[in-house]
Amino acid sequence: MNSGLLDRLRHLGRRLRGFRRPDLWLARRLGRVLPDRLYLAVGHLLYFGRWPDYAHPRSFNEHIQAYMLRCRSPLLQLAADKAAARQWVIEQVGDTHVLPQLGLWTHADAVPLRTLPRPCVLKPTVGSGRVIFLRENDPPLDATAEVALRLEMQRWLDTDFSRQSREWCYAGLRGRILAEPMLSDPREPGGIPPDHKVYVIGGAVRFIQVDRGRFGRHTRNLYDTDWRRLPVRLTLDNHAPDPRPPELDRMIALALKLAAPFEFLRVDLYLCEGRLIVGELTSYPGAGFERFIPSDFALELGAHWTRAMRARRDDQPA
Numbered sequence: 186m187n188s189g190l191l192d193r194l195r196h197l198g199r200r201l202r203g204f205r206r207p208d209l210w211l212a213r214r215l216g217r218v219l220p221d222r223l224y225l226a227v228g229h230l231l232y233f234g235r236w237p238d239y240a241h242p243r244s245f246n247e248h249i250q251a252y253m254l255r256c257r258s259p260l261l262q263l264a265a266d267k268a269a270a271r272q273w274v275i276e277q278v279g280d281t282h283v284l285p286q287l288g289l290w291t292h293a294d295a296v297p298l299r300t301l302p303r304p305c306v307l308k309p310t311v312g313s314g315r316v317i318f319l320r321e322n323d324p325p326l327d328a329t330a331e332v333a334l335r336l337e338m339q340r341w342l343d344t345d346f347s348r349q350s351r352e353w354c355y356a357g358l359r360g361r362i363l364a365e366p367m368l369s370d371p372r373e374p375g376g377i378p379p380d381h382k383v384y385v386i387g388g389a390v391r392f393i394q395v396d397r398g399r400f401g402r403h404t405r406n407l408y409d410t411d412w413r414r415l416p417v418r419l420t421l422d423n424h425a426p427d428p429r430p431p432e433l434d435r436m437i438a439l440a441l442k443l444a445a446p447f448e449f450l451r452v453d454l455y456l457c458e459g460r461l462i463v464g465e466l467t468s469y470p471g472a473g474f475e476r477f478i479p480s481d482f483a484l485e486l487g488a489h490w491t492r493a494m495r496a497r498r499d500d501q502p503a
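The opening position of the sequence shown corresponds to residue 186 in the numbering used here, with each subsequent residue numbered one higher.
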């Protein structure tokens with residue numbers, strides 16, 4: 186690439202580094218113009234300040250984006266569909282690790298908002314980060330609030346998430362609206378229990394992420410498999426150390442079981458009265474646009490991924 190253009194892009198990148206989701210910034214401005222590889226590479230340069238090498242990825246984020254571009258395993262699409270992933274989890278580890286399904290609808294107008302058992306959660310089966318809480322003590326929905334919620338759910342169904350951040354796993358998937366009971370923890374801000382996300386690369390757990398306050402003051406800690414807090418931040422600020430979960434060994438075993446067929450998988454779990462509940466299976470965390478501080482940790486994770494890929498190739502018959 187022309188060095189002058191690279192310099193201009195780097196300058197723009199320095200101005201954008203405060204953005205949590207530069208991929209969405211790009212999506213609004215570049216839309217469908219750039220092909221996937223160039224779109225991701227330009228976003229990577231703007232956010233991380235270097236042009237990625239997807240043929241020989243070094244950092245974790247480079248590996249995630251290379252994975253987005255090259256891997257076309259049907260398992261990734263299964264994991265990306267929350268309803269299909271729920272059934273797959275039941276087949277793999279039993280129904281004790283999923284929440285009951287209160288309903289599944291293909292149209293926003295079909296959701297019985299006024300009669301759903303509360304508290305419950307509505308979410309799209311395709312896409313991430315979208316959710317509607319219907320709490321037990323919320324006032325009854327009036328006509329205006331109901332219309333607004335249905336419009337929001339319809340936007341979920343109308344969005345092509347495969348184009349928004351070039352996440353192939355969503356390509357061609359038909360979104361639906363899923364309702365589940367709402368998990369709660371009165372000790373937490375907003376009543377939402379901590380989210381435990383287990384990162385499995387090449388069949389090994391590399392770290393566990395704990396998110397608190399996801400719908401308020403969102404903070405995050407990272408731990409190794411012995412529950413030693415890592416001196417690393419991932420996009421967000423840290424919070425006070427989390428107590429070691431009594432279910433830690435079972436959490437790791439469950440994540441390894443579910444991730445076994447995948448090159449990489451993040452298994453998102455909730456701990457609820459001794460139960461391990463699978464929330465989501467995530468193939469592309471942040472679409473490869475999340476910042477590790479210090480950045481050396483991203484390179485360490487990338488080295489693990491490179492070694493795992495090399496070992497997999499060596500194990501294949503000639």
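The C-beta atom is built at its ideal place from N, Cα and C for all residues, glycine as well.
If you're wondering where the values come from, they're calculated on a predicted model, not measured in any experiment.
Since residue i contacts residue j with CB under 8 Å, what's their CB separation in whole angstroms?
i, j, result
"M436", "P430", "7 Å"
"V316", "V332", "19 Å between Cβ atoms; not a contact."
"H292", "I462", "About 28 Å; that fails the 8 Å criterion."
"S468", "L450", "7 Å"
"L219", "K308", "That belief does not hold up - the Cβ atoms of L219 and K308 are roughly 30 Å apart, past 8 Å."
"L439", "P378", "Not confirmed; about 17 Å, so no contact."
Let me know the secondary structure DSSP gives residue i once reduced to three states.
i, result
"W236", "coil"
"R348", "helix"
"C305", "strand"
"Y469", "coil"
"L363", "strand"
"I275", "helix"
"N246", "helix"
"A381", "The sequence given here places His at residue 381; Ala does not occur at that position. Reduced to three states, the DSSP call for H381 is strand."
"D500", "helix"
"W412", "coil"
"A425", "coil"
"D453", "strand"
"R399", "coil"
"V227", "helix"
If we call anything under 8 Å between Cβ atoms a contact, is residue i one with residue j?
i, j, result
"H489", "I386", "yes"
"E365", "P285", "yes"
"L287", "P302", "yes"
"W341", "G312", "yes"
"R414", "L486", "no"
"L225", "M253", "yes"
"Y232", "F474", "yes"
Measuring only the C-alpha atoms, how far is residue i from residue j?
i, j, result
"D345", "Y355", "8 Å"
"M494", "R348", "27 Å"
"D343", "E465", "21 Å"
"N322", "S369", "13 Å"
"Y239", "L260", "22 Å"
"T420", "I478", "8 Å"
"A444", "L263", "13 Å"
"R299", "D327", "9 Å"
"D409", "D380", "16 Å"
"V278", "T329", "42 Å"
"R497", "R243", "17 Å"
"D276", "P297", "The amino acid occupying residue 276 in the given sequence is Glu; Asp does not appear at that position. Distance between the alpha carbons of E276 and P297 is about 29 Å."
"H424", "G376", "17 Å"
Please confirm whether any heavy atom of the ligand ATP lies closer than 7 Å to the CB of residue i.
i, result
"P426", "Because no ligand of any kind appears in the structure shown, any question about the ligand ATP cannot be addressed here."
Return the residue from the list the options that minimises the CA-CA distance to residue i.
i, options, result
"D411", "T404, I393 and D422", "I393"
"E432", "Y408, L419 and E458", "E458"
"S480", "R235, L319 and R492", "R235"
"D422", "R271, P446, H248 and H403", "H403"
"R361", "R222, A265 and F482", "A265"
"Q250", "R335, S350 and Y384", "S350"
"E373", "E352, L358, R399 and A389", "R399"
"N406", "A389, P426 and A472", "P426"
"R320", "L334, R335, P304 and T310", "P304"
"T310", "A268, A295 and D294", "A268"
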